[in-house]
Amino acid sequence: MPHTQQFASDNYAGICPEALRAMEEANRGSAPAYGDDPWTLRAADAFRRTFETDCELFFVFNGTAANSLALASLCQSYESIIAADIAHVETDECGAPEFFSNGAKILVGRTTNGKLTPETIRAFVLGRTDIHFPRPKAVTITQPTETGQVYSLNEIRAISATCRELGLRLHMDGARFANAVETLGCAPAEMTWQAGVDVMSFGGTKNGMAIGEAVIFFDRALAEGFDYRCKQAGQLASKMRFLSAPWAVMFETGAWRTHAAHANACARHFAEQVEGLPEVEIMFPVEANGVFLKLPPALIGGLHARGWRFYTFIGGSARFMFAWDSEIARIDALVADLRALATADAA
């Protein structure tokens, strides 16, 4: 098969060596089922060391379940969740948050960059307080956002303070949490529970794992009954060790940060190479592992004709995502094709 690495999604990447090794090691012999195995205990301990707190851990198969079940645990069916207009839970979860919460409504806040602000949250909570409106109960922020931008620690703290003032719980969608940690150069604790986050969905798949996300409750009281939610939703893995083992090794070796740092560096490299090309505009600051380009239809069609795959959305932008295994040579090949097309189109 020819080498066909693409940059449409970091989900295209294979399994990183550390995660694969962990699964191979977990496959030796037998172990108790449903999470009562040494690997799951080891992974949970690794999370607690990494986040420097006695958090409650759950391992699920995918991000849709992680986000939706976490949000459902924070709301009653007659309540609501405040999210950015382009947040994944609003645009790409097929109504799963509403389904698993038995009807909690998502209130969509208008944004220019995918970031919620204290003012947007406050407007929802104070704008309507009558019984005919679904009472706001939770806020969800995506870190990094769907535009690849990163909330600063001060931005998270400001949102958290607003949530505390208004009696709301704060959830973080951390599908690419590792990339955000590398961007800010902070400790995971600083970006989460120390900043006021109550529960987080931590993405493993986009960080090099084959499958599996973690739901972390920093307030353990909020985890009451969450194991039952997982079972009811078909998210309780019988052979749990194959979900949990990669987390243990990724944390113990530091691979989760190493791979995120590489992906971020690849995004910066790509952005630096295409900046200034005719008819090519970088739409958002490159702060994690994604680059969004505004391209004319001719360039989009030309790239497709040359075999490149990528998504076009969020204002018609072309999104390029970089993963743990992204190769500079392949990125440069994409840049060369884009440069040739842009130069020819401008001539």
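In case it helps, this note's numbering puts the sequence shown at residues 1446 to 1792.
The beta carbon of each residue, even a glycine, is placed where N, CA and C say it ideally should be.
As the structure is a computational prediction, the values presented were derived from the model and not from experiment.
Exercise. Grouping DSSP H, G and I as helix and E and B as strand, with all else coil, what is Ala1781?
Worked result: The residue given as residue 1781 occupies position 336 in the sequence shown. Helix.
Problem set entry | Where Glu1772 falls, given that 16 or more other Cβ within 10 Å makes a residue buried | Residue 1772 sits at position 327 when you count from the first residue of the sequence shown. Exposed is the label assigned to Glu1772, since fewer than 16 other Cβ atoms lie within 10 Å of its Cβ.
For this session: Return the bridge partner residues of Ser1646 from the DSSP annotation.
Result: The count along the sequence shown starts at 1 and reaches residue 1646 at position 201. According to the DSSP secondary-structure assignment, Ser1646 is paired through a beta bridge with Asp1618 and Val1660.
Exercise. With respect to the beta strand (DSSP E) encompassing Glu1501, which residues constitute its N-terminal and C-terminal limits?
Worked result: On the sequence shown, position 56 is the one that residue 1501 refers to. For Glu1501, the uninterrupted beta strand (DSSP E) segment begins and ends at Glu1501 to Val1505.
For this session: Note down the Cα distance separating Phe1671 from Ala1471, rounded to an integer number of angstroms.
Result: Taking the sequence shown and counting its residues from 1, the one referred to as residue 1671 is at position 226. Taking the sequence shown and counting its residues from 1, the one referred to as residue 1471 is at position 26. Approximately 25 Å, taken between the alpha carbons.
Exercise. In angstroms, rounded to a whole number, what distance separates the CA positions of Phe1504 and Met1645?
Worked result: Here residue 1504 corresponds to residue number 59 of the sequence shown, with the count starting at 1. Here residue 1645 corresponds to residue number 200 of the sequence shown, with the count starting at 1. Rounded to whole angstroms, Phe1504 to Met1645 spans 12 Å at the Cα level.
Exercise. Is the CB-CB distance between Ala1583 and Glu1538 below 9 Å?
Worked result: Position 138 of the sequence shown, counting from 1, holds the residue named residue 1583. Position 93 of the sequence shown, counting from 1, holds the residue named residue 1538. Going by C-beta atoms, Ala1583 is not nearer than 9 Å to Glu1538.
Problem set entry | Rounded Cβ spacing between Ser1513 and Phe1492 (contact assumed at less than 8 Å) | Counted from its first residue, the sequence shown places residue 1513 at position 68. Counted from its first residue, the sequence shown places residue 1492 at position 47. Contact doesn't hold; Cβ gap of about 21 Å is too wide.
For this session: Please report how far the alpha carbon of Ala1410 lies from the alpha carbon of Glu1535, in whole angstroms.
Result: Residue 1410 lies beyond the stretch modelled for the chain, which goes from 1446 to 1792, so this question has no answer here.
For this session: My understanding is that Phe1647 touches Gly1619, with C-beta atoms under 8 Å, so please give their C-beta distance in whole angstroms.
Result: For the purposes of this step, residue 1647 is taken as residue 202 along the sequence shown, with counting starting at 1. For the purposes of this step, residue 1619 is taken as residue 174 along the sequence shown, with counting starting at 1. With 8 Å as the limit, Phe1647 and Gly1619 qualify as a contact, their Cβ atoms being about 5 Å apart.
Exercise. Tell me, which residues are paired with Ser1475 by DSSP?
Worked result: Within the sequence shown, numbered from 1, the residue matching residue 1475 stands at position 30. None, per the DSSP bridge assignment.
Problem set entry | Euclidean distance between Cα positions of Asn1709 and Glu1717 | Counted from its first residue, the sequence shown places residue 1709 at position 264. Counted from its first residue, the sequence shown places residue 1717 at position 272. Whole-angstrom Cα-Cα distance: 12 Å.
Problem set entry | For Gly1554, the residue or residues it bridges with in DSSP | Here the question's residue 1554 lines up with position 109 in the sequence shown. DSSP, once it has assigned bridges, lists Ala1529 as partnering Gly1554.
Exercise. Hey, is the region 1694-1707 in contact with the region 1571-1580, meaning 3+ C-beta pairs nearer than 8 Å?
Worked result: Contact fails: fewer than three Cβ-Cβ distances are below 8 Å.
Problem set entry | Counterpart residues of Lys1739 in DSSP-defined beta bridges | On the sequence shown, residue 1739 is found 294 positions in, with the first residue counted as 1. Answer by DSSP bridge pairing, in chain order: Glu1726.
Exercise. Do you know whose CA, among Asp1782, Arg1754 and Tyr1479, lies nearest Gln1680's CA?
Worked result: Locating residue 1680 in the sequence shown gives position 235, counting from the first residue. With distances taken between Cα atoms, Gln1680 lies closest to Tyr1479.
Exercise. Looking only at C-alpha atoms, which of Arg1621, Pro1581 and Met1617 sits nearest to Leu1611?
Worked result: Position 166 of the sequence shown holds residue 1611. Nearest of Arg1621, Pro1581 and Met1617 to Leu1611, Cα basis: Pro1581.
For this session: Measure how close the beta-carbons of Val1595 and Glu1732 come, nearest whole angstrom, since I'm counting them as under 8 Å.
Result: Within the sequence shown, residue 1595 is the residue found at index 150, counting from 1. Within the sequence shown, residue 1732 is the residue found at index 287, counting from 1. Between Val1595 and Glu1732, the beta carbon gap of about 4 Å places them in contact (Cβ cut-off 8 Å).
Problem set entry | Lys1651 to Ala1515 span [Cα, whole Å] | Counting from one through the sequence shown, the residue named residue 1651 turns up at place 206. Counting from one through the sequence shown, the residue named residue 1515 turns up at place 70. Approximately 19 Å between the Cα atoms of the pair.
Problem set entry | Limits of the alpha helix (DSSP H) - the one that Val1570 falls within | Start at 1 with the first residue of the sequence shown, and residue 1570 comes out as number 125. Pro1563 to Gly1572 is the extent of the alpha helix (DSSP H) around Val1570.
Problem set entry | Test: Glu1535 CB closer than 9 Å to a CB of chain B | Given the protein chain composition of this structure (a single chain), no chain B is represented.
For this session: For Ile1586, name the three-state secondary structure that DSSP assigns.
Result: In the sequence shown, the residue the question calls residue 1586 occupies position 141. Reduced to three states, the DSSP call for Ile1586 is strand.
Problem set entry | Simplified DSSP state of Met1685, which is helix, strand or coil | For the purposes of this step, residue 1685 is taken as the residue at position 240 of the sequence shown. For Met1685, the secondary structure class from DSSP, reduced to helix, strand or coil, is coil.
Exercise. Whose C-beta lies closer than 7 Å to the C-beta of Arg1621 among residues of the same chain, with five residues either side of it excluded?
Worked result: Taking the sequence shown and counting its residues from 1, one reaches residue 1621 at position 176. Cβ contact annotation for Arg1621 (same chain, cutoff 7 Å, sequence separation greater than five): Pro1589, Gly1648, Lys1651, Ala1733 and Asn1734, in chain order.
Problem set entry | Endpoints, the alpha helix (DSSP H) within which Ala1706 is located | By 1-based counting over the sequence shown, the position of residue 1706 is 261. Per DSSP, Ala1706 is one residue of the alpha helix (DSSP H) stretching across Ala1700 to Val1719.
For this session: Report the partner residues of Arg1580 according to the DSSP bridge assignment.
Result: Numbered from its first residue, the sequence shown carries residue 1580 at position 135. Residue pairing of Arg1580 in beta bridges, as defined by DSSP: Glu1524.
Exercise. With burial defined as no fewer than 16 other Cβ atoms inside 10 Å of the residue's Cβ, what is the status of Ala1781: buried or exposed?
Worked result: Taking the first residue of the sequence shown as 1, we reach residue 1781 at position 336. Ala1781 is exposed by the Cβ-count criterion.
For this session: Decide if Asn1624 is buried, meaning its Cβ has at least 16 other Cβ atoms within 10 Å, or exposed.
Result: Residue mapping note: residue 1624 aligns to position 179 of the sequence shown, counting from 1. Asn1624 comes out buried.
For this session: Could you have a look at Tyr1596 and say whether DSSP puts it in helix, strand or coil?
Result: What you label residue 1596 is simply residue 151 of the sequence shown in a count that begins at 1. Three-state result, Tyr1596: coil.
Problem set entry | Simplified DSSP state of Thr1757, which is helix, strand or coil | As a working mapping, residue 1757 is identified with position 312 in the sequence shown. Of the three classes helix, strand and coil, the one that applies to Thr1757 here is strand, per DSSP.
Exercise. Straight-line CA distance for Arg1674 to Met1766?
Worked result: Within the sequence shown, numbered from 1, the residue matching residue 1674 stands at position 229. Within the sequence shown, numbered from 1, the residue matching residue 1766 stands at position 321. The straight-line gap from Cα to Cα measures roughly 32 Å.
Exercise. Shortest alpha-carbon distance to Gly1554 belongs to which of Asp1482, Gly1548 and Thr1565?
Worked result: In the sequence shown, the residue the question calls residue 1554 occupies position 109. The option with the nearest alpha carbon to Gly1554 is Thr1565.
Problem set entry | contact_flag[the region 1457-1468, the region 1680-1692] where n(CB pairs < 8 Å) is 3 or more | As far as the Cβ criterion goes, the region 1457-1468 touches the region 1680-1692, which means the pair count is three or higher.
Problem set entry | Given Gly1548 as reference, the closest of Gln1521, Gly1657 and Ile1527 once Cα atoms are compared | By 1-based counting over the sequence shown, the position of residue 1548 is 103. In terms of Cα proximity to Gly1548, the closest of Gln1521, Gly1657 and Ile1527 is Gln1521.
For this session: Look up Ser1762 in the DSSP assignment and give the residues it is bridged to.
Result: As a working note, residue 1762 is residue 317 in the sequence shown. In the DSSP output, where bridge partners are listed per residue, Ser1762 has Phe1758.
Problem set entry | Start and end residues, alpha helix (DSSP H) containing Cys1675 | Taking the sequence shown and counting its residues from 1, the one referred to as residue 1675 is at position 230. Unbroken alpha helix (DSSP H) run through Cys1675: Phe1671 to Gln1677.
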